[in-house]
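Protein chains in written order, with the working numbering: chain A, 1 to 538; chain B, 1 to 309.
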């Protein structure tokens, strides 16, 4: 808790200060239309990569890309699909070919109409290995991907287009998949599946500095390291933005952003710093702040090369030895919600209480299970984590919980930063367990299970390998309908709780807030504010 | 004197090459791979990562990479960032002005307030003022900079609203005043202490007695003779400190949201952007070297007994 004491009383001082000068602001309750040209000021940071949807995979870039580009479809708070730029996305009988029909009348910010060809060209460009796009693997399901993106080292692409993408007419194209997938439309809801205008190909580099999309906001300026300006696109064919534009200010620290929010220099903060968590709901008022779960989960993952020979009951016992309720409320100040499943609640296929008590704090049962399973190897657990991410406090709390209940040794193994942490995971050098985290790419239980626990999944750093689970995953992928897929994966989730490839801890919460200047602020299940719905008061 | 300067400038070349080499190697030795880091939790496929490495020249042996970097440097090419694909020189030149303004402002505060306090304390050594200043500087030295920063921000910025709590326009010196004050606090205390000690020591020196004896006013004796002679250790400290202020502003920059070099190097370090780190650190080394030279030359101005041939 480095610096926590000083931080707390500073926060207290702020409260006192504001209480003393409280100017009884009259809140409009959020039904007024407000100033249609008002600018919303939101906190952000310097995007890591050039601003291409196919190259952006971190939050600061995503905040821009998601507002400048409109996706084909999007998801509601229960993980159900609704159409945005697409009129319809329909699978063939066997789910092997998907037909996308676009809505008519959409234009890019440079005025040119959006056609099916723009989608196909953009995806072909992004999948090409020579163009070095971070998200190129998203196109791997499409027939012909290996021609533009050969897997062998040093191999040159043999084609410049994927044969699986075919333009039918101006507004229709088809996607042929290498293997049928019943939930491919969920994948199409990722940012990478957006179109690029013709002007992009003249100078991709300049485009990355000044993207031209077809979304609700037009990109106006990027003042590197300081701010990004977006302006409402008046010819937007979807639901128009209710404000004049967005000013994204880059903050080096969440504390600074919060201070600015309190002194009215900022309208929306997307996440409050740990320093301000205990008080922000009181500071801002319940009607100007949120604390709601979003599609992210935190786990601790036992590495299979150390735990393979241990009875899974031991891990179930360890899971029951952790007092999630207390830790999330005290150490984490309510910034997380205790997990009861491998899948967060905003995700399609989430089963309430899937854990069947395994994630409940139950010291007696925990001791019994560990004993029956033959005890914890060497009576010692280490939890590897990166110390630059604010994890130390809860890792220690989890360890204390385990020590108190099971009377074994438990220590944190701090790696200086995430890169170092990842390197140890990739090299199979984790001593016992590591901190795992996952955020939804698309809100379907498949994404939270297959990517982490399939024996060949790239992010399966625990090296969990179970034939029954793999088989259930494959059965789910081959299923005819989305519901059957989700069902098969739900069954697999039950098996996972018997095998315990990870111990679910909690779901991440959005802890956001907004000023008196704005109304109608809502955060979606991905944890982002829905900026186009925000209204600016006077 | 001219030859001395030329010799010193020439000496900078091996120092510069040596230090860039060491930093380059250190970056290489750090665990973690910048190309892998692009993918976050989810790695890009191996073929894609290899293509990127080849594209950026990261697949070559480390000495070859260093050679490429160095030859590029002498042609004015500071390299390209791995993630953003932007020129490192652009990144540096964006962050630099804010840092220079902040550093200079903090430096002026340090020098003026620090020397003034030291002088007053030194001349009244043992008195109440001296004790007061002693206590005040002790306070500044013992309170960490982030506490001072948040304190200033809360009281001057949020509570009393005299000044914007964060810096939104780094060209506005008024907004920079608060962070500069926070940044200067520690050095200021050292400078005051150093000046005081030096003044107390020299106050009873022979030349002071002579100065008074030959009829100089107290003001002149102190201002010209005492202060000038007492400033040598202080100037040495200030010289080193300019580099410290520049590189060590990470915390202050974070609190007041200033997008300067400290922040840039911290971010680059985290994402293993070798070229950016080496570029910024090399720049700071250059600043150190030049300031060290200036300090040495200043000695001769302050104390005529010191000569450079």
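The beta carbon of each residue, even a glycine, is placed where N, CA and C say it ideally should be.
Computed from a predicted structure; not experimentally measured.
Item	Value
Can you look up residue 112 of chain A in the DSSP assignment and give me helix, strand or coil?	coil
If you reduce the DSSP assignment to three classes, tell me which class residue 275 of chain B lands in.	helix
Name the residues in the segment 149-166 of chain B whose C-beta lies less than 9 Å from a C-beta of chain A; which are they?	150, 151, 153, 154, 155, 157, 158, 159, 160, 161, 164, 165, 166
If you measure between the beta carbons of residue 141 of chain A and residue 181 of chain A, is that distance less than 8 Å?	yes
For the segment 31-48 of chain B, which residues have a beta carbon sitting closer than 9 Å to at least one beta carbon of chain A?	31, 32, 33, 34, 36, 37, 38, 39, 40, 41, 42, 43, 44, 45, 46, 47, 48
Reducing DSSP to helix, strand and coil, say where residue 433 of chain A ends up.	strand
Using a Cβ cut-off of 7 Å, pull out every chain A residue sitting near residue 84 of chain B, in sequence order please.	48, 49, 50
Taking only beta carbons into account, state which residues of the segment 433-463 of chain A come closer than 9 Å to chain B, listed in chain order.	436, 437, 438, 439, 441, 451, 458, 459
Using Cβ-Cβ distances below 9 Å, what residues of the segment 233-265 of chain A are close to chain B?	249, 250, 251, 252, 253, 255, 256, 257, 259, 260, 262, 263, 265
Helix or strand or just coil, what does DSSP make of residue 124 of chain B?	coil
Would you mind reading off the limits of the beta strand (DSSP E) that contains residue 200 of chain B?	It is not in any beta strand (DSSP E) - residue 200 of chain B instead sits in the alpha helix (DSSP H) that spans 173-203.
Just to check, is the beta-carbon of residue 99 of chain B closer than 7 Å to a non-hydrogen atom of the ligand FMN?	Looking for the ligand FMN in the displayed structure turns up nothing, as the structure carries no ligands at all.
What do you reckon, are the CB atoms on residue 546 of chain A and residue 248 of chain A nearer than 8 Å?	Since the displayed chain A opens at 1 and closes at 538, residue 546 of chain A lies outside it and no answer follows.
Under 9 Å Cβ-Cβ, which residues of chain A neighbour residue 87 of chain B?	Chain A residues near residue 87 of chain B: none, gap ~11 Å exceeds 9 Å.
Please tell me whether residue 100 of chain B has its Cβ less than 8 Å away from any Cβ of chain A.	no
In chain B, what lies closer than 9 Å to residue 75 of chain A by C-beta?	In chain order: nothing, as chain B lies at least about 19 Å away.
Kindly say whether residue 531 of chain A, judged by its beta-carbon, lies nearer than 8 Å to any beta-carbon of chain B.	no
Rounded to a whole number of angstroms, what is the C-alpha to C-alpha distance between residue 27 of chain B and residue 393 of chain A?	29 Å
Measure the C-alpha to C-alpha separation of residue 44 of chain A and residue 168 of chain B and round it to an integer number of angstroms.	14 Å
Would you check if the distance between the CB atom of residue 195 of chain B and the CB atom of residue 139 of chain B is smaller than 8 Å?	no
Please work out which residues of its chain come closer than 7 Å, Cβ to Cβ, to residue 186 of chain B, disregarding the five sequence neighbours upstream and downstream, and give them in chain order.	140, 141, 145
What number of angstroms, rounded off, separates the C-alpha of residue 162 of chain B from the C-alpha of residue 110 of chain B?	22 Å
What does DSSP give as the partner residue(s) for residue 167 of chain A in the beta ladder?	A:173
Can you tell me the Cα-Cα spacing of residue 133 of chain A and residue 451 of chain A, whole angstroms?	20 Å
In angstroms with no decimal places, state the Cα-to-Cα distance between residue 65 of chain B and residue 14 of chain B.	19 Å
Return the CA-CA distance between residue 166 of chain B and residue 259 of chain A, expressed in angstroms with no decimal places.	8 Å
Here's the rule: buried if 16 or more other CB atoms are within 10 angstroms of the residue's CB, otherwise exposed. What is residue 9 of chain B?	exposed
For residue 60 of chain B, return the contacting residues in chain A, with the cut-off set at a CB-CB distance below 7 Å.	Near residue 60 of chain B there are no residues of chain A at all, since even the closest Cβ is about 14 Å away, more than 7 Å.
Whole-angstrom Cβ separation of residue 40 of chain A and residue 531 of chain A, contact assumed at under 8 Å?	6 Å
Can you tell which of B:303, B:44, B:11 has its C-alpha closest to the C-alpha of residue 127 of chain A?	B:44
Contact defined as beta carbons within less than 8 Å: I believe residue 485 of chain A pairs with residue 536 of chain A. What is the distance between those atoms, to the nearest angstrom?	Residue 485 of chain A to residue 536 of chain A, Cβ: 42 Å. No contact.
For residue 47 of chain A, count the other beta carbons within 10 Å of its own beta carbon; 16 or more makes it buried, fewer makes it exposed. Which is it?	buried
What is the rounded straight-line gap between the Cα of residue 266 of chain A and the Cα of residue 471 of chain A?	50 Å
Just tell me which of A:50, A:244, A:58, A:51 has its CA closest to the CA of residue 40 of chain B.	A:58
Could you tell me whether the segment 89-107 of chain B touches the segment 220-228 of chain A, using the rule of 3 or more Cβ pairs below 8 Å?	yes
So with Cβ pairs under 8 Å, would you call residue 55 of chain B a contact of chain A?	yes
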